[in-house]
Amino acid sequence: MVWLPLVAVAAAVVALAATAAACRVAQRHLSALHAALRRLDALGVAGDDLARRTARTARAVRTRRDRIRTLAGATGRRGPQR
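Residue numbering for the sequence shown follows numbering that gives the first Met the number 0, beginning at 0 and increasing consecutively.
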């Protein structure tokens, strides 16, 4: 029965790491989309409002990723890397 809390903590650390990895992938895609929208906007094709919303979403993903990394740091793993 002593090993049960250890397994739960290990599962939580793995879940945090997986979520942080998913946030990194989402941030990469959103950053690429934002750059493409900026290029289109420079050509007068896309609306600036859409580019701003994409940037706001990318910032939210970065913030969420940093919070997850901070939580992982509280469990003995490394915190945010910049």
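No residue lacks a Cβ here, since even glycine has one placed at the ideal position from N, Cα and C.
Bear in mind that the values here come from a model prediction, so they are computed numbers and not experimental data.
Burial state of V60 is buried, judged by a 10 Å Cβ sphere holding 16 or more other Cβ atoms.
Under the three-state reduction of DSSP output, V1 falls in the coil class, being neither helix nor strand. In this model, T53 and L5 are separated by some 40 Å (Cα to Cα). Just so you know, the alpha carbons of V1 and A7 end up roughly 11 Å apart. Nearest in C-alpha terms to T62, of all of R23, L32, A31 and D40, is R23.
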